[in-house]
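First to last, the protein sequences are chains A and B. Going by our numbering, the first residue of the first sequence is number 1, and it counts up by one from there. Going by our numbering, the first residue of the second sequence is number 86, and it counts up by one from there. Just so it is clear, CB atoms sit at the ideal spot from N, CA and C, and this is done for glycine as well. Since the structure is predicted, the reported quantities are computational estimates derived from the model, not experimental observations. For reference, the structure is listed below as structure tokens.
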Amino acid sequence: MVQVGGGIRDARAAEETLEAGAGRIILGTAAVENPALAGMAVARFGAERVACGIDVKDGRAATRGWTEARGPAPANWRRSSPARA
Amino acid sequence: MSWLVVTAVSRDGTQEGFDLPLLREVGRAAPACRVIASGGAGELSHLRSLASAGLQALAGAIAGTALYERKFSLSRRAGGPGGIVLTRRIIPCLDVKDGRVVKGVRFQQLRDAGDPVEQARAYGASGADELCFLDISASLEARGTLVRLVEQWRGS
């Protein structure tokens, strides 16, 4: 099983990657900045095939290739992320 | 139930061990998620520490540079003489930039580390049942790279 991430920022890229045979996609920046994408991917492909990749820098979720650490702190992920159970 | 891949940026490529306080915090914040820990794998003791940290949400651990540098091998993951007791998965991760595997520290000082499909094949042969490709080019031109990589991996 291969899981892949990096640069999957819209529904089409998510679909293409999963349909190519990826077992799971990892949504990084996209999941932080566009929670609806993760929600769509989970609804369409199932929670087993979608992961939210969260890079933590200085205690916060970092986006944009780690140049900005402005996302929510882990304690707030449950409120702000579609990755909540 | 959802999956999180949690990378401690400050540990990436350092081989200094996993960020256990961060992972505990994640476990408290998202108790129903399954967490794959990333950043800091360097030696067997790090995997032991991770496995014994009481992290209920832990579902796997990513190892990149340490596996590449053969600090430990996948075949020892299930225990046995000199091996470790880690029932959860160790997932080899290949960071890919411009179609090549790269290694670095905190994603800086990148150096070439070979062909991704060849390395994936080698990890598969050595017992990996999971693998991670991470495209760190992070450019729009890179779009499609992952798709091609997955197709090549499937065809290999």
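Strand pairing of residue i, partner residues [DSSP]
{"i": "residue 177 of chain B", "result": "B:148"}
{"i": "residue 2 of chain A", "result": "B:216"}
{"i": "residue 122 of chain B", "result": "B:91, B:146"}
Span of the beta strand (DSSP E), counted from its first residue to its last, around residue i
{"i": "residue 45 of chain A", "result": "No beta strand (DSSP E) contains residue 45 of chain A, which is instead part of the alpha helix (DSSP H) from 35–45."}
{"i": "residue 193 of chain B", "result": "193–197"}
{"i": "residue 140 of chain B", "result": "Residue 140 of chain B -> no beta strand (DSSP E), and no H or E assigned at all."}
{"i": "residue 27 of chain A", "result": "24–27"}
From the options, residue whose alpha carbon lies closest to that of residue i
{"i": "residue 151 of chain B", "options": "B:193, B:127, B:139", "result": "B:127"}
{"i": "residue 157 of chain B", "options": "B:208, B:232, B:219", "result": "B:208"}
{"i": "residue 271 of chain B", "options": "B:210, B:129, B:106, B:184", "result": "The displayed coordinates of chain B run from 86 to 241. Any statement about residue 271 of chain B would go beyond what the structure contains."}
{"i": "residue 74 of chain A", "options": "B:233, B:89, B:235, B:236", "result": "B:89"}
{"i": "residue 9 of chain A", "options": "B:236, B:220, B:239", "result": "B:220"}
{"i": "residue 92 of chain B", "options": "B:140, B:191, B:203, B:212", "result": "B:191"}
{"i": "residue 136 of chain B", "options": "B:239, B:206, B:105, B:216", "result": "B:105"}
{"i": "residue 17 of chain A", "options": "B:240, B:236, B:241", "result": "B:236"}
Anticipated Cβ contact below 8 Å, residue i with residue j, distance rounded
{"i": "residue 41 of chain A", "j": "residue 14 of chain A", "result": "5 Å"}
{"i": "residue 109 of chain B", "j": "residue 144 of chain B", "result": "Contact doesn't hold; Cβ gap of about 15 Å is too wide."}
{"i": "residue 87 of chain A", "j": "residue 216 of chain B", "result": "Chain A is shown from 1 up to 85; residue 87 of chain A falls before or after that span and cannot be answered."}
{"i": "residue 122 of chain B", "j": "residue 153 of chain B", "result": "Incorrect: roughly 18 Å between the Cβ atoms, too far for contact."}
Chain A residues whose Cβ lies nearer than 8 Å to that of residue i
{"i": "residue 220 of chain B", "result": "4, 5, 6, 7"}
{"i": "residue 245 of chain B", "result": "Any property of residue 245 of chain B remains undetermined from this structure, which presents chain B solely from 86 to 241."}
Residue range of the alpha helix (DSSP H) that includes residue i
{"i": "residue 189 of chain B", "result": "It is not in any alpha helix (DSSP H) - residue 189 of chain B instead sits in the beta strand (DSSP E) that spans 185–190."}
{"i": "residue 18 of chain A", "result": "11–19"}
{"i": "residue 237 of chain B", "result": "230–240"}
{"i": "residue 108 of chain B", "result": "105–114"}
{"i": "residue 209 of chain B", "result": "201–210"}
Per-residue contacts from residue i into chain A (C-beta, under 9 Å)
{"i": "residue 214 of chain B", "result": "1"}
{"i": "residue 190 of chain B", "result": "By Cβ distance, chain A contributes nothing, its closest Cβ being about 12 Å from residue 190 of chain B, past 9 Å."}
{"i": "residue 210 of chain B", "result": "The premise fails here: residue 210 of chain B is roughly 15 Å from chain A at the closest Cβ pair, so nothing lies under 9 Å."}
{"i": "residue 142 of chain B", "result": "Within chain A, no residue comes near residue 142 of chain B; the closest Cβ sits about 10 Å away, beyond 9 Å."}
Neighbouring residues, chain B, relative to residue i (Cβ below 7 Å)
{"i": "residue 22 of chain A", "result": "235"}
{"i": "residue 16 of chain A", "result": "232"}
Under 7 Å from the C-beta of residue i: neighbouring residues of chain A
{"i": "residue 239 of chain B", "result": "21"}
{"i": "residue 89 of chain B", "result": "51, 52, 54, 83"}
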